[in-house]
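Everything on this sheet refers to the single structure shown next.
4 protein chains.
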Amino acid sequence: MPAAAPARTGVWLIGARGSVATTAVAGCAAVAAGLRPATGMVTETDAFTEAALPPLGTLVFGGHDTLDCPLPKRAEALADQGVLPHGLADAVRAELEAADREIRPGGPLPGDTRDEEELIEAFAADIRAFVRANGLARAVVVNVASTEAGPGDGTLPPSSLYAAAALRADCPYVNFTPSTGLHHPALAAEAEAGGLPYAGRDGKTGQTLLRSVLGPMFAQRALTVRAWSGTNLLGGGDGAALADPRAAAAKNAGKERVLADTLGTVPEGGTHIDDVPALGDWKTAWDHIAFDGFLGSRMTLQTTWQGCDSALAAPLVLDLARLLARAHETGLAGPRPELAFYFKDPDPGAPAALGEQYAQLLSFGRLLAGER
Amino acid sequence: MPAAAPARTGVWLIGARGSVATTAVAGCAAVAAGLRPATGMVTETDAFTEAALPPLGTLVFGGHDTLDCPLPKRAEALADQGVLPHGLADAVRAELEAADREIRPGGPLPGDTRDEEELIEAFAADIRAFVRANGLARAVVVNVASTEAGPGDGTLPPSSLYAAAALRADCPYVNFTPSTGLHHPALAAEAEAGGLPYAGRDGKTGQTLLRSVLGPMFAQRALTVRAWSGTNLLGGGDGAALADPRAAAAKNAGKERVLADTLGTVPEGGTHIDDVPALGDWKTAWDHIAFDGFLGSRMTLQTTWQGCDSALAAPLVLDLARLLARAHETGLAGPRPELAFYFKDPDPGAPAALGEQYAQLLSFGRLLAGER
Amino acid sequence: MPAAAPARTGVWLIGARGSVATTAVAGCAAVAAGLRPATGMVTETDAFTEAALPPLGTLVFGGHDTLDCPLPKRAEALADQGVLPHGLADAVRAELEAADREIRPGGPLPGDTRDEEELIEAFAADIRAFVRANGLARAVVVNVASTEAGPGDGTLPPSSLYAAAALRADCPYVNFTPSTGLHHPALAAEAEAGGLPYAGRDGKTGQTLLRSVLGPMFAQRALTVRAWSGTNLLGGGDGAALADPRAAAAKNAGKERVLADTLGTVPEGGTHIDDVPALGDWKTAWDHIAFDGFLGSRMTLQTTWQGCDSALAAPLVLDLARLLARAHETGLAGPRPELAFYFKDPDPGAPAALGEQYAQLLSFGRLLAGER
Amino acid sequence: MPAAAPARTGVWLIGARGSVATTAVAGCAAVAAGLRPATGMVTETDAFTEAALPPLGTLVFGGHDTLDCPLPKRAEALADQGVLPHGLADAVRAELEAADREIRPGGPLPGDTRDEEELIEAFAADIRAFVRANGLARAVVVNVASTEAGPGDGTLPPSSLYAAAALRADCPYVNFTPSTGLHHPALAAEAEAGGLPYAGRDGKTGQTLLRSVLGPMFAQRALTVRAWSGTNLLGGGDGAALADPRAAAAKNAGKERVLADTLGTVPEGGTHIDDVPALGDWKTAWDHIAFDGFLGSRMTLQTTWQGCDSALAAPLVLDLARLLARAHETGLAGPRPELAFYFKDPDPGAPAALGEQYAQLLSFGRLLAGER
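Chains as they are written, first to last, in this note's numbering: chain H, 11 to 382; chain S, 11 to 382; chain B, 11 to 382; chain Y, 11 to 382.
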């Protein structure tokens, strides 16, 4: 009797034609095929070999987007910017094309006359169709769309429409952006009752990652941080989206929360996010930390982080999709503060220091393994 | 019946007229008198209120040094360099003079004809006399002298002579420098048999402190560090001492050990220590870390740490003296890897990540409290 | 017959109790007395020995301010922040007190019912009285007050009232700030007719100084600057004043003009000025320059400038007062683009590269010498 | 009657298979064909349109090298490292192959029994044959080989053998490296008598370029530089060559000469060159400058330059070849201090500040135009 084909797991990306999504799809294929090492994927380290996560080769990608640039073309453009290695887009063209075929139009677009309920239902139908057509065990919905401005007038912002669709389609949900998503009051009851695991929000990829180890260092050493100032320079879609002060405010709230939580106080200083199109997807983040040492001596630490935003985010997206898929499989539901390691603004109850978050993540991995 | 005077604890500093020692003596007095906050002293945080550590006001300072500049004058010079706040030397002049009276000539000086045994015995006699004359419950010996070149010809280097004297005088011992101290094979048996707690070596005050949180961050995120390069610029006595390549080698070994231990591999790149007298006691450390992200994307992190070496070291010296004094009081003996938080090259068995070291330190504090 | 006492020259400071003014008064006294070297004063270099500038010891200080903190106390506060060396305030107390006695209330303060004409006349009367009472050959008026928001409703902003008063009192005028000063259309005719030399505006002390040498470097090497982004962190009065976006806009216009003038294009990127009170008068300016090299290779330069704003500005203020006093003596009138070396936004006709500005300054020095 | 074909000019590269040479050959072809802008080439700016320099399309490349990797393959490898844009090697394959055919074996290789005279004659014969076979008007010899250790035992180092061959073949000579080249005493008389223009040495591409504008800035502002420290991290062939302390010493001498010449004093501090293979051809240079401002205030400037070494060097190599070819055509001979703009260690008589060097270069361009 032939062995059954392994179960396949869906990853439904909101913003499926963006840089992060394209990098995740291309990268998953490249790593699964052994073309590239799994650098940046924590779920591929030894600590997770027993966690029974869905193998990379069993992930199936689809998603919503309001743009219509084909994924292979998007991947070529990313290669020209140095985000993807040259030749990779060609090597994984089949996988990019397969994912491209599973992308459905997002919304609402200008002129769209559907009301909230109609949009949610349409999105949920797309997701259900994806799961059914591909014979998937389940699909995890991950929001990697551009940051939207904070909620305003009581209507559901697009990120929350998609989150509601995920609940309706019975899918675990990850919010990798600072957008509202499942954090909308109108969705709270449904999220709680849904029996689905979810996690968020706002992926911790660069400056905030650093802050989550430096803040605890100052606190543990009893050094008094007087001012923590930061500037982020980035281009790409994210740079443009964050040029909207309301979007930037949402992002900065997460950045500064990490400081408050790890330092125990809110130091002076602010954080800028500047749109610099010339930098493309390459982000530079400068932090200047003024702190007092013994007897009031004035000291400083400066950090400059230069990274490719999509390459930092994509492996975390793959990690989260796998972890939530397995959590769903084992019957876990509700918010997962054990995944705080990945987020600027994690679910309540999580520690703020990266080291402790990592310890919780390892525990979570053991929990997933144990329930196998 | 009047209350008994509280027990007093000695802190015997090898290098007692150096910047670190002077800052420790002046700072202890200033903090004990409420003139300055206890910034940088972990033992003054809430976590240690139950640990029954000797209060700062009960510490009595003395030590060995081969120089003879009076401590009050040394403190004035440090104030001129901005290491100590102006006016502080005057405010704690009595305490500086008291410590100054307890400093004995170190050695061996050129022309000194005493052999190793005679030197050890002379040093031990000085320490015993200090304890007796001041009616101390005990004294902790702390090496804060300039880094000496690595051991060479089988003879005991000065740092080991002092360490042997500490054992002989029945004193707990801390090696805050990369010098050999108690790590000499000739002292191993005696250290083990002595029933004394000891800790070391090489205080972790700046660049290595940073590395002990950044290294784990890269490892936990599965980011591949390809090269970690560093340059330290500093003047003062330490800059001059470390201009000796053999002394610098001892220091660098500690710096690079932290990388190897936290990253799991030894990345490319080296570390320079440059003597720049113009900088005085103010140290600038630049680190450049080249790492690979997902799909081999090339990223970098740079850090610039600008701090005052003595102000970084002095509160740690006070912490260590208090912790080892209390450990001795409770009967603990042998190496204390629980104090790895403070050292570049801690005693075996300690974790390498600062967060875990901090957790162990807190446990140690609870242990000390429990044995009260 | 006794030799005549040397002529004395007045320096009338608008903002006479501010950090820059206090540093200029104290520093002039210290350098004149030989207590400190003339670091940062270009007019004390060999190139100006023949220029017949008024000796530092013959300068007499006075000015307007709306605050009333005595200069000696202000100097003590600056010493506590590390802006002035300790002990200096005491050493030059007599000179600080003398200047303090010559400071008159500025305005208009809230509730002041005087109209523009009355204010100008009152200020001019103060200046004339200062010149007469001290038997001065002349006085140079220098605006070192906090940056004011850009001009708005057609009324004269305070900086222009003071500038008009300088004209009326027949005094050369320097605008060391980005405020309007003499650049107000209502003052144009009077400035031209006045027969007085004047110069401005906005002292070039840190980030813009750097840009005035780096911009030409990129241009001369035919390297294409794609984006030039900057962040300034500073506290003190200037930090607070520049937290007003309109004041910051005035300052940034000067900063970006230097780039446009030296690069020939306006690159992407903006400049932030952040008020960080914890930094006091110590300013940190970070610049990130993304440029293209041969064949489109992407390169970057980053600079971090850490300086004390008042200590950077004060020697330039003294330079300018001396140069304009001598220019007045030799009969020069009108705008002095030869002093572009000192300004972000110099008078028309000046080159933008610091090297060329320096060459013009040297020529100007020879001109002043020749007309002796 | 058909127009005569334009004269063609040879560029004979010592180290013709290295990164700089490969980039120069590929880049020249790309710019000549209009595929890429001439970023970084000063001779392509408007200031040189009248200078009658040989057009890029008329340059013919050849050279010596001891390696045998074909240029097209070398170009592919550079593209993989991000030094050359992807696709460029293919687009200019014909030109790379043409240059490849003109590369002759260098020497002496191990086991080579030829004496100095034989080597010089062999090299000169290669160059003469190149000129003759290609019907060139002239050829300029440019040394872009790896830095060799300083001269030792009186024998001619390889760079001097090649320089002697250039003289013998009647070719203008450029030394773009810190190697000895024409600076050997044994070649002095011949160089002087040769009637050939020559220039050198050691191209100024990054850290020293910066120093040549920052040094003058400090000097012109009368700010006292107390210490100037630097660290260079680079991989590639140059990184490996400079890991030899003697080669690094040669390079550093040039770097520090610029400081001494522009500051008028030699500040404290040294410069490190570290071989970090992981960085490939991408160089990071960090400088830390401690300077005193007014009244002794302690300030610092830090710069971090991140550039691609070959992309910085190649356009300067093309500039120099064209300028010396035209100088030769107009009959100019001897050292050309007017080209100091390009060198760390220029010919005697040149100014040290980049701005003045640029002015001299422009004058030189006018001279070349005038003699047309």
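Cβ coordinates follow ideal geometry from the N, Cα and C atoms, glycine included.
These numbers were taken from a predicted model, which means no experiment stands behind them.
Using the C-alpha atoms, what's the distance from S:Trp292 back to S:Ala85?
Counting only the Cα atoms, S:Trp292 lies some 16 Å from S:Ala85.
Roughly how many angstroms separate the alpha carbons of B:Lys98 and B:Leu322, rounded to a whole number?
According to the sequence shown, residue 98 of chain B is Leu rather than Lys. Take the alpha-carbon of B:Leu98 and the one of B:Leu322: they are about 17 Å apart.
According to a CB-to-CB cut-off of less than 8 Å, which residues of the region 114-134 of chain Y neighbour chain B?
Near chain B, meaning a CB-to-CB distance below 8 Å, no residue of the region 114-134 of chain Y qualifies.
From S:Leu311 to H:Gln316, what distance separates their C-alpha atoms?
S:Leu311 and H:Gln316: Cα-Cα distance of roughly 6 Å.
Within the continuous alpha helix (DSSP H) that includes Y:Thr272, where are the two ends?
First-last of the alpha helix (DSSP H) with Y:Thr272: 255-273.
Report all residues from its chain with a CB closer than 6 Å to the CB of S:Thr294; omit the five preceding and five following residues, and keep chain order.
Excluding residues within five positions, the ones whose Cβ falls inside 6 Å are Leu243, Gln316.
Pick out the complete alpha helix (DSSP H) segments inside the region 41-103 of chain Y, 4 residues or longer, and give them in chain order.
If only complete runs of 4 or more residues are kept, the region 41-103 of chain Y shows the alpha helix (DSSP H) at 81-90, 98-101, in order along the chain.
Interface partners of Y:Gly92 on chain H, CB under 7 Å
Gly92, listed in chain order.
Can you give me the C-alpha to C-alpha distance between S:Arg114 and Y:Thr165, rounded to a whole angstrom?
For S:Arg114 and Y:Thr165, the distance between alpha carbons rounds to 60 Å.
Can you find the residues in the same chain that come closer than 6 Å, C-beta to C-beta, to B:Arg46, ignoring five residues on each side of it along the sequence?
Cβ contact annotation for B:Arg46 (same chain, cutoff 6 Å, sequence separation greater than five): Ala40, in chain order.
Report the rounded CA-to-CA distance for S:Val21 versus S:Arg256, giving the unit in angstroms.
Each residue's alpha carbon lies about 29 Å from the other.
Report yes if the C-beta distance between S:Asp355 and S:Arg211 is below 9 Å; otherwise report no.
Cβ atoms of S:Asp355 and S:Arg211: closer than 9 Å.
With a cut-off of 9 Å, does the C-beta of Y:Leu98 fall near any C-beta of chain B?
Nearest CB-CB separation between Y:Leu98 and chain B: below the 9 Å threshold.
Looking at Y:Asp284: is its Cβ nearer than 9 Å to the Cβ of S:Gly249?
Cβ atoms of Y:Asp284 and S:Gly249: not closer than 9 Å.
Skipping 5 residues on each side, what residues in its chain have a beta carbon closer than 6 Å to that of Y:Leu23?
Correct list, in chain order: Ala31, Gly73, Val152, Val154.
Candidates H:Arg332, H:Asp110, H:Leu349: which alpha carbon is nearest H:Glu366's?
Nearest C-alpha to H:Glu366 among H:Arg332, H:Asp110, H:Leu349: H:Leu349.
Measure the Cβ-Cβ separation of H:His282 and Y:Ala89 and say whether it is below 9 Å.
No, they are not a contact pair.
Taking 9 Å as the threshold (beta carbon to beta carbon), is H:Ala174 in contact with chain Y?
With 9 Å as the cut-off, H:Ala174 does not count as an interface residue toward chain Y.
Mind listing the chain S neighbours of Y:Val286? Cutoff is C-beta to C-beta under 8 Å, in chain order.
Per Cβ cutoff of 8 Å: Ala237, Ser239, Glu278, Gly279, Ala300.
Please return the same chain residues whose Cβ sits closer than 8 Å to the Cβ of Y:Gly247, not counting the five positions on each side in sequence.
Gly28, Ser29, Ser156, listed in sequence order.
Comparing the C-beta of Y:Thr313 with each C-beta of chain H, is any distance below 9 Å?
Chain H, which has no Cβ nearer than 9 Å to the Cβ of Y:Thr313, makes this no.
Closer than 9 Å at the beta carbon, the chain S residues around Y:Thr55:
Per Cβ cutoff of 9 Å: no residues; Y:Thr55 is ~32 Å from chain S at best.
Length at least 3, wholly inside the region 187-220 of chain H: the beta strand (DSSP E) runs in chain order
The region 187-220 of chain H contains these whole beta strand (DSSP E) runs: 207-210.
Option in H:Phe71, H:Gly116, H:Val93, H:Gly67 with minimal Cα separation from H:Leu106
Closest in alpha carbon position to H:Leu106, among H:Phe71, H:Gly116, H:Val93, H:Gly67, is H:Phe71.
By a C-beta neighbour count over all protein chains shown, 10 Å radius and 16 as the cutoff for buried, is S:Met11 buried or exposed?
Low local confidence applies: a pLDDT of 49 at S:Met11 is under 50, so the model's placement there is unreliable, and no value is given.
Just checking, does the region 267-277 of chain B make contact with the region 297-311 of chain H on the three C-beta pairs under 8 Å criterion?
No: the two stretches stay apart, fewer than three of their Cβ pairs being nearer than 8 Å.
For the structure I just gave you, are there three or more beta carbon pairs, one from the region 332-352 of chain H and one from the region 201-208 of chain H, closer than 8 Å?
Contact between the region 332-352 of chain H and the region 201-208 of chain H is present: three or more C-beta pairs spanning the two stretches fall below 8 Å.
Reducing DSSP to helix, strand and coil, say where S:Gly375 ends up.
Helix, per DSSP.
Alpha helix (DSSP H) containing S:Gly170: first to last residue?
Residue 170 of chain S is actually Ser in this sequence, not Gly. DSSP places S:Ser170 in the uninterrupted alpha helix (DSSP H) bounded by 168-178.
Kindly indicate the opening and closing residues of the alpha helix (DSSP H) around S:Arg142.
For S:Arg142, the enclosing alpha helix (DSSP H) begins and ends at 126-143.
Using a Cβ-Cβ cut-off of 9 Å, state whether S:Ala89 counts as contacting chain B.
It does: the Cβ of S:Ala89 has a partner Cβ on chain B nearer than 9 Å.
Exposure label - B:Pro358; buried when at least 16 CB within 10 Å
B:Pro358 counts as exposed, since fewer than 16 other C-beta atoms from the protein chains shown sit within 10 angstroms of its C-beta.
Contact with chain B by H:Leu220, beta-carbon distance below 9 Å:
Not closer than 9 Å to any Cβ of chain B, the Cβ of H:Leu220 fails to qualify, so no.
Provide the residue(s) that pair with B:Val150 in DSSP beta bridges, ordered along the chain.
Assignment of beta-bridge partners to B:Val150 by DSSP yields B:Val21.
Taking Cβ positions only, does Y:Arg308 come closer than 9 Å to chain S?
Yes, Y:Arg308 lies at the interface with chain S (some Cβ there is under 9 Å from its Cβ).
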